[in-house]
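Trainee: Going by our numbering, the sequence shown opens with residue 5, and the numbers climb by one from there. Each residue gets a CB set at the ideal place from its N, CA and C atoms; glycine is no exception. Below is one structure. I have some questions about it.
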Amino acid sequence: MTKLDFFQPEKRESTVEYVINTIKDLLITRKLKPGDMLPSETALAESLNVSRGSIREAMKILSAFGVVEIRRGHGTYIAEPSNKSNIDPFLFNLILSRADAPEMAELRELLESQIVTLVIKKATDEELAKLEQVHNNLKQLCFNGAQNNAQDLVEHELKFHRTLGQATGNVLIEKIYNFVMEFFKPYVEKTYNYPENCKNAVELHENIVMAIKQRDREKALDAIQKSIEEWRLLFNENH
């Protein structure tokens, strides 16, 4: 079977979505792998029974997600894992699922509950010290009047969650968690537009960090629950 044989037309909702979903499925089933060159635009259009315009539009979207790399004059390739913008097939599937904010909040709650459990169980004292330092950096920014630079606060907030994910020692959980937090980034940005929200976020983080340092799972889970509920309240107030 040639690579072109993988691309067979099926029933679909829209041509661009169909092309994207076809690539997604081939990535998940490993029929396409990093570094593979895709058939030409014309060949893909014929195989999928869509227009070349639909192929071009789909490739632009896939390129924006870092799934493919368009090399001018050389063709289109599945991006290599070393490419920092590359998205794992599983995470790509999450992106295309069109999950809404409440669903993502539920996923975040589930993840963070497991994350703090793993961190308490597996993290070294050095990793916990790093998490506390990242939290203290955010705290310092917040209480030193950095509310005027919301972007710095947002970056430190996300760094806190990345550090928390790293401390699990589980690369898959870390990647999924990073993706979930990227989804929340626009909401985090809105949160830090208000000084009182900054101080509230720091207090919630403080409770999480202290519970983890004490290796107290029940306290940590309670702190996570309060943090999620706080986010839900903020979200509902803005929608």
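Let me make sure I understand the geometry here. Which of LYS35, LEU176 and SER58 has the alpha-carbon closest to that of VAL20?
Mentor: Position 16 of the sequence shown, counting from 1, holds the residue named residue 20. Selected option, being the one with the closest Cα: SER58.
Trainee: Given that a residue counts as buried once 16 or more other Cβ atoms are within 10 Å of its Cβ, and exposed if not, what is ARG76?
Mentor: On the sequence shown, residue 76 is found 72 positions in, with the first residue counted as 1. By the 10 Å Cβ count, ARG76 comes out exposed.
Trainee: Kindly list the residues whose CB is nearer than 8 Å to the CB of LEU115, restricted to its own chain and excluding five residues on each side of it in sequence; keep chain order.
Mentor: Taking the sequence shown and counting its residues from 1, the one referred to as residue 115 is at position 111. Excluding positions up to five away in sequence, the list reads ILE177, ILE180, TYR181 and VAL184.
Trainee: Less than 9 Å separating the beta-carbons of ILE119 and GLY169?
Mentor: Along the sequence shown, read from residue 1 onward, the residue named residue 119 stands at position 115. Along the sequence shown, read from residue 1 onward, the residue named residue 169 stands at position 165. In this structure, GLY169 lies closer than 9 Å to ILE119 by Cβ.
Trainee: Compare the beta carbon distance of VAL158 and TYR196 with 9 Å and say whether it is the shorter of the two.
Mentor: Counting from one through the sequence shown, the residue named residue 158 turns up at place 154. Counting from one through the sequence shown, the residue named residue 196 turns up at place 192. In this structure, TYR196 lies closer than 9 Å to VAL158 by Cβ.
Trainee: At the level of alpha carbons, what is the spacing between PHE69 and PHE187?
Mentor: By one-based count along the sequence shown, residue 69 stands at place 65. By one-based count along the sequence shown, residue 187 stands at place 183. C-alpha separation (whole angstroms): 13 Å.
Trainee: Helix, strand or coil: which one does DSSP assign to GLY173?
Mentor: Position 169 of the sequence shown holds residue 173. Correct three-state label for GLY173: coil.
Trainee: Looking at the structure shown, is ARG219 part of a helix, part of a strand, or coil, going by DSSP?
Mentor: Stepping through the sequence shown from its first residue, residue 219 is reached at position 215. In the structure shown, ARG219 sits in coil (DSSP, three-state: anything other than H, G, I, E or B).
Trainee: Whose CA, out of THR128, ILE24, LYS125 and HIS165, lies closest to the CA of GLU113?
Mentor: Here the question's residue 113 lines up with position 109 in the sequence shown. It is HIS165 whose Cα lies nearest to the Cα of GLU113.
Trainee: Which residue wins for smallest C-alpha separation from GLU61, given the options VAL23, MET41, LYS28 and THR46?
Mentor: Translated into positions along the sequence shown, residue 61 becomes position 57. For GLU61, the nearest C-alpha among the options comes from VAL23.
Trainee: Taking Cβ to Cβ, would you say LEU142 is nearer than 9 Å to VAL71?
Mentor: By one-based count along the sequence shown, residue 142 stands at place 138. By one-based count along the sequence shown, residue 71 stands at place 67. The answer is no: Cβ separation not under 9 Å.
Trainee: State the start and end residues of the unbroken alpha helix (DSSP H) segment that holds THR80.
Mentor: Taking the sequence shown and counting its residues from 1, one reaches residue 80 at position 76. No alpha helix (DSSP H) contains THR80, which is instead part of the beta strand (DSSP E) from 79-82.
Trainee: Secondary structure at ARG112, three-state DSSP: helix, strand or coil?
Mentor: Position 108 of the sequence shown, counted from the start, is the residue given in the question as residue 112. ARG112: helix per DSSP, three-state reduction.
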